[in-house]
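These notes concern the structure reproduced below.
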Amino acid sequence: MTEHVDWSEPEPAAAPAAGSAVTPADAADAARLVAFGLQPKLQPARDQEYAELLRRHREDPAFARLADAVAAGLGLVVLEVSPRAGMAVTAAEDSVFAVRMGDYARRAATDSADRFLHGLAHLAVATLAFPRPEDLADDGYIGRVTVNGVDAFVRQACRRLEERAEEQGENTDPATDAPGLEAAWRIWARRSATGATKDARRPAASTTGIVAKAVGFLTDSGFLQRTGDDHGGTYRTTARYQLQVRDMAGSAALAELLDLGIVPVTDGTPTLLPADDTDDLDLVADAGLPFHS
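Just so it is clear: in the sequence shown, position 172 is 172 by the working numbering, and no numbers are missing.
See the structure below:
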């Protein structure tokens, strides 16, 4: 049997709609929007061009796809594009823009235990900034933290972890380079909260010094805004930080820290749970609650 071959001309592809072709100017605008997104401290309300490109992203689907594709090509994940957050992007692990916690910690400290504590400080800031799921879900929520409050929270977590280890008959003096929160509590608890220097500066290796370094990094990255000097420094969260914490909310370490119950939810107002005995917690004076009123 001879197979019939249809030699008829194929139907021509539909011509692109007028105005749909991507121009070099469109590509430049899309790249410009991504560049704005990489400036975390830049607020759309204060830059007319940024605000206009955000409006175009919202109203022009073709331009939105182009801008998102430019971001993806740079190894960036678009978390949100809105007037409140701008073009909020986070770097994928293989992106040239990725700032890995290990790289940050190595710049902040040379000792491996200190690097571990810097990571714990970041985890504690995120936990205190958004202690409830509804806080992360509410776009209008603004979390507030203080340097001394974060240190007080971690020290209470240390006490809770110590008690849990004793109840379970586990080793209460784990190796300093062991993973997980169970290894962190004794390292942090042994470290002085404030230390002492001849010129009254806060030593970088003290726990409040480590927290200050962490919140300073977050402020430089556009995730926090400094609002005052009380309690070692007070900070408020930004929309970008809320998006970042949403992205990491499923992490096991964050869930473990929240599950300690140090941030109780009763009438909806979060607060630090006072320890039974604070005489040996090495808390700084006037630690202050790190939450909004």
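Idealized CB from N, CA, C, for every residue including glycine.
Just so it is clear, the structure is predicted and the values come from calculations on it, not from any experiment.
Query, Result
"Buried or exposed: where does residue 23 fall if 16 or more other Cβ atoms within 10 Å of its Cβ makes it buried?", "exposed"
"Going by other Cβ atoms of all chains shown within 10 Å of its Cβ, with 16 needed for buried, is residue 244 buried or exposed?", "buried"
"Just grab the DSSP bridge partners of residue 236 for me.", "144 and 225"
"Is it buried or exposed, residue 131, if we count other Cβ atoms within 10 angstroms and call 16 or more buried?", "buried"
"May I ask which residues mark the beginning and end of the alpha helix (DSSP H) holding residue 90?", "Run containing residue 90: none in the alpha helix (DSSP H); it sits in the beta strand (DSSP E), 86-91."
"Below 6 Å CB to CB, which residues in the same chain sit around residue 81 once its five sequence neighbours on both sides are set aside?", "57 and 87"
"If you draw a straight line from the alpha carbon of residue 146 to that of residue 234, how long is it in whole angstroms?", "4 Å"
"Helix, strand or coil for residue 79? Go by DSSP, reduced to three states.", "strand"
"Return yes when the Cβ of residue 89 is within less than 8 Å of the Cβ of residue 71, no when it is not.", "yes"
"When you compare only the Cα positions, how much space is there between residue 167 and residue 228?", "41 Å"
"Do residue 125 and residue 218 come within 8 Å of each other at the CB atom, strictly closer than that value?", "yes"
"Under 8 Å between the Cβ atoms of residue 188 and residue 150?", "no"
"Between residue 213 and residue 220, what straight-line distance do the alpha-carbon atoms span, to the nearest angstrom?", "11 Å"
"Applying the criterion that 16 or more other CB atoms from any shown protein chain within 10 Å of the CB defines a buried residue, is residue 290 buried or exposed?", "The predicted position of residue 290 is uncertain, since its pLDDT is 41 and thus under 50; no value can be drawn from it."
"Taking C-alpha atoms, which residue in 225, 51, 67 and 194 lies nearest to residue 25?", "67"
"First and last residue of the alpha helix (DSSP H) that includes residue 68?", "61-73"
"Residues in the same chain with beta-carbon distance under 8 Å from residue 75, minus the five sequence neighbours each way, listed in chain order, please.", "91, 92, 94, 95, 96, 97 and 98"
"What are the start and end residues of the alpha helix (DSSP H) that includes residue 34?", "24-37"
"So residue 137 is in the alpha helix (DSSP H); what residue range does that whole segment cover?", "133-137"
"In angstroms with no decimal places, state the Cα-to-Cα distance between residue 133 and residue 206.", "31 Å"
"Give me the Cβ distance between residue 129 and residue 237, rounded to the nearest whole Å; I'm assuming they're in contact under 8 Å.", "5 Å"
"Mapping the DSSP letters down to three states, classify residue 194 as helix, strand or coil.", "coil"
"At the level of alpha carbons, what is the spacing between residue 140 and residue 193?", "33 Å"
"Is the CB-CB distance between residue 40 and residue 222 below 8 Å?", "yes"
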